[in-house]
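Sequence order for the protein chains is A and B.
Heads up, the working numbering is the position in the first sequence plus 13, with the first residue counted as 1.
Heads up, the working numbering is the position in the second sequence plus 3, with the first residue counted as 1.
In this text, a Cβ means the ideal position worked out from N, Cα and C, and glycines have one as well.
One structure is given here, and the rest of the page talks about it.
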Amino acid sequence: MIKKNADPVIMILIFGLFLSGGCKSGNGNLSEIDREPVIEPDYSGVTIPPNIAPMNFSIKEEGKSFLAEVLSSNGQRILIKSGNGIIRFPMRSWKKLLEGNQGGAINIHLISIDNKGARKKYKPVGFFLADDPVDPWISYRLLYPGYESYLEIVIRQRRAESFRECSVIDNHLLKTNCINCHSFCQNDPDKFLVHIRGSVGGTYFSEGSKVVRRDLKTPEMKYGAVYPAWHPGGKFVAFSSNSIVQSFHASQEYNIEVTDLASSLVVYDVERNIMSPVPEEDTVKYMETFPEWSPEGNWLYYCRALETDDSSDFRSIKYDLVRKAFHQETFSFGKAEIVFDALSIDKSVSFPRVSPDGRYLVFTLHNNGNFSIWHKEADLYLLDISAGKAERMSVNSDETESYHSWSSNGKWLLFSSKRTDGLTARPYIAYFGSGDKVGKPFVLPQKNPELYLRMVKTFNKPEFMTGRIPAGPRDFERASKKEAEKAGWRIY
Amino acid sequence: MIKISDQPVEGKTDRYLLLILVFALSGIYFLLFVNYIFFYQENRMLFIYSWEYSGRFFSKPGGLLEYAGNFLTQGYINNIYGSVIVAIVLTAVAAVFLKINKKLSPGNSFSLMLASVASCVLLLMHTNINYRIHNNLGFLITGIWFLITISNENKISRIIILSFFPVFFFVTGTYAWLYLGMATIYNIFRKNLIFTVLLWIVAAFTILISKMLIFLQPWTGLISYPLPAAGYFSRPSSVWIILLFFVFYPAFIILSGKLKMSYNRNLSVYSFLAVFILTTFILLKNYSRDTSQVFRLEKMFFARDWDGVINYQETYRNRNLVAQYYYNTALAERGMLCDRMFSAPQDYGTMSVMIPWSSQISMNRLFRGVYFYYTIGLVNEAHRWAFESMVTEGFHPENIKLLIKTNLINGHYKIAEKYITVLKKTLHYKRLAGKFESMLSNPELIRSDPELSERAKLKPQDNFVITIRNPETNINSLLQSNPGNIRALEYKLACLMLDKKSDEVVNNLSNLLDTDNQRIPRHIEEAALFYQFASGPLPDLALLRISGETISRFSDYIKLTKNISRDQIRQGSGIREDLKKTYWYYLDTR
């Protein structure tokens, strides 16, 4: 139940009445608790963008009813009363709290009242407001964090500034094929691709609301195109072409191991529908995966490990972070150079993502392999590219952190974390002021703050977008009914 | 014997007789013969009292019908309730079609017969374990809607019928097309083409708007949901034949009315009695004692009544793979696999001990394979099977129980809590959820729970990769990881015996010393004696000894079988019953 901020004076009076026991019968003792209340999600001390959706939460303290007095440094105040501990901010009031409050703070004073009318006042919970807005839309793949089977897979887009959410791709309309990861060209909702696996398989390219289906696997390629990275110019997409196997662990600490048996890099010319190999000069056979372009498009970063065979122990596969210079005019690559030598510290790198200003690169570091989402120890590391120095980020938890991406202004990091239960990934957002100024991350707010507690599905590969994807599930369905355009092959 | 008197018009008594017969036949047949269908269907879905669960059914036309069916299926937990539910729905179908008949062709001598055909074909369909109550509800609601259509044919009623068609489609899905067919046939006879054309226009707009604007469903979903999959039936065309019967039902009743103008009670009653006799004959003919036994075993198995499973299978000696698999698993749970497995048929070798993972087999059938992993202590793999089942089939009582148990055993309490929250929102499993919930706040209860604590002891001590297509390999890996896992060892030895590898059984005897077992299980003794007899001396068994009783039985077996032919042995003639329950007999007969 919400008493909104019509008149601050009246609100203060109501709050005062609440404190004095005026709202309830009984002795009405007020005790001050020398700690913050436990709230879910844990939003205490987080840094939020000035355009984020209401940070609804639920209070995990004993009490028959609760009262939240919300004060912002721009002088706004709202009062929210709750019978079930769930605090939902009215959209309009929330916006007023944020408006003109960049660089300020929001403090929430919480009071719980028990059956006898006794009240407890906790230390205030605070949010810090950053100056920089976050991209207004987020996309993610929603599916069960499963093993082999799948039935429902959707890619959804959600407005970061509100709770509006809709499907972009729904596999119900694609003969329940498997929807693989999606990839945007520089957070651009008008330019993205997604792989579909199954009877209507192919790589679907969406440009505006036009969707085309293509078959990127040419006879020259041993394996299909898998992990993509758009060249910033939008003309090329680098892919890794992988042979992937999945195995399951017997021990309770682990679930799944996804391993490459072989992989190499290819570059796809989107306009000409032509696939080309990234040349390998090395005599040693490597597996190359997870390509990522620098913002200028002159470097191709990727992860590289020594090639193995079927008998190799998956624990021995370690990927370094490597890059090659790319000359777009001549379509030629330089020699590979190691950017982060993970093997030397007995670790493995995956998912390199370069910041929009090209200064930083965030990667996932874990014990082995390249599929970190099933590695509990996987953490995000920040690499200062020019200094060549990598450090574990403060945003990590004891559970898996992975699948990170940058906002278009480079001020926000979106990543998936399994910190709530160790199984299901949730989209976390962290402020990135600079290398040494990273805010406490917060989970993407939901209208019902308890959603994450009961939801078994996982938020996979969350990505920021500068707008709404115009294409929808029916556009993909229509594209699926057309024959896939076969890609050609050319060696430069 | 029912006494029939000639009456000028069809009487209430006959209609009541028909309704009573439908109710009695369906109720009795479901209660006494195929009550396993209730158990099967109740265990393949979980009705959850939550908005999220209900919301899923709102996303597609026909979802509400399935939702209503699932709600009723909860009653299947009790055979009497289940039988009453099925009987009421089928009786209501008969009643509605009787009303339709009366409207379309009063005094028709075939009215009772056609109404009884309508309910009897649905009764026969319902005896398929995959045919669900919402399907019959669909026919019932369609019948009611059709009855409303023909009951009042003024302009306003027609407008209401037309404008409610989209709602009818939303509620019933495919059954709206059935209604469309019935209404079309009826209006052709009535020569009311304007209404028919309008109805088709509304229907076309309804499906187009549904497809293009409202529902994210493929065409097939909009056209055929929630009909049962044709593949569920031995004759896949059955569903379409039944649908066609109902589509042309108005034609049947109108045309049959024209055959004989005056009502003939004898014809009326005898024809519907003939339908019942024929239906009863088909029901009895289709009844499978074997299937009934398998599901009875499954019921005991799900209730963890191991002794019940063992005794039942030893008594009825069912040759079904699933029955034998449950028997072996129950024996393993009781620690008697290598003592007693040959007391019941073993027709499938190691297949009846473990079911290999296959993405080609429907999860509905494959799921049973989870119990091998759970019994042996490969908790992660058991969790995986339960999870795969949940992903493809949704929650059902067995997969959610296993998801909770495996997460509790593995100490993943937050994940367990999610599933417990779901289970708490059910009608019949609330109490069980409460028990699990108490474990979350007090893990000591997990350690003191006989089932969960035992699994925790059997778990691997270190990590290895599961071989999903060859479960036997996992037994060796588990034994290497946890040599004290007596259950894994018993499984290994059981597999070797089923594969008739007596030499390897003997080679693994020393592993018994790694476990707490201080005796050799009976069938292992039999394998050892056979090896000694056929191949040579046994290795040193340290403190383990073969019992005198087994030696004596072996001597008897040799004496008895020495002088009879192989065929006689296979037929079991002249072999003592206790000697048939031995590994030696298995070797001789398989």
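Under the three-state DSSP convention, the category residue i falls into
i      : result
A:D488 : helix
A:P462 : coil
A:W425 : strand
A:R503 : coil
B:Y1   : The requested residue 1 of chain B is not part of the displayed model; chain B covers only 4 to 593.
A:I287 : strand
B:E493 : helix
A:N120 : strand
B:G551 : helix
A:K133 : strand
A:A403 : strand
B:T518 : coil
A:V250 : strand
A:H388 : coil
B:S444 : helix
A:K474 : strand
A:K204 : strand
B:Q327 : helix
A:D148 : coil
B:Q349 : coil
A:P369 : coil
B:Q296 : helix
B:R343 : helix
B:F398 : coil
B:W360 : coil
B:H431 : coil
B:T424 : helix
Buried/exposed call for residue i, threshold 16 Cβ in 10 Å
i      : result
A:H340 : exposed
B:S576 : exposed
A:K73  : exposed
A:A19  : Low confidence applies to A:A19: its pLDDT is 41, below 50, so where it sits in the model is not reliable enough to give any reading.
A:E82  : buried
B:V89  : buried
B:A207 : exposed
A:W306 : buried
A:V508 : The shown model of chain A, from 14 to 505, leaves out residue 508 of chain A, and the question about it has no answer.
A:V297 : exposed
B:Q363 : exposed
A:S38  : Low confidence applies here, because A:S38 scores a pLDDT of 38, under 50, leaving its location unreliable; read the following figure in that light. A:S38 comes out exposed.
B:Y52  : exposed
B:L430 : exposed
Contacts of residue i in chain A (Cβ-Cβ under 8 Å)
i      : result
B:E384 : F261 and A263
B:F467 : H262, A263 and S264
Residues bridged to residue i (per DSSP)
i      : result
A:R210 : A:C191
A:R227 : A:T216 and A:E498
A:N13  : Because chain A in this structure spans residues 14 to 505, residue 13 of chain A falls outside the shown range and cannot be described.
A:I351 : A:V335
A:L396 : A:L374 and A:A403
A:P103 : Looking at the DSSP assignment, A:P103 forms no beta bridge with any residue, so it has no partner.
Cross-chain neighbours of residue i in chain A, by beta carbon under 7 Å
i      : result
B:F390 : G159 and Y160
B:T395 : S162 and L164
B:T424 : R467
B:P463 : A263 and S264
Beta-carbon neighbours of residue i, restricted to chain B and to distances below 9 Å
i      : result
A:P486 : L219
A:G435 : H415, K417 and I418
Check: residue i C-beta below 7 Å from any heavy atom of the ligand COA
i     : result
A:P67 : Although the ligand COA was asked about, the structure shown includes no ligands whatsoever.
Contacts that residue i makes with chain B (C-beta to C-beta distance below 8 Å)
i      : result
A:E270 : V468
Interface residues of chain B facing residue i [CB-CB closer than 7 Å]
i      : result
A:Y135 : What A:Y135 touches in chain B: nothing, since even the nearest Cβ is about 23 Å away.
A:Y267 : N466
Using a Cβ-Cβ cut-off of less than 8 Å, give me the residues of the segment 166–185 of chain A that come near chain B, in sequence order. Within the segment 166–185 of chain A, the residues whose Cβ lies closer than 8 Å to some Cβ of chain B are S180, D183 and H185, listed in chain order.
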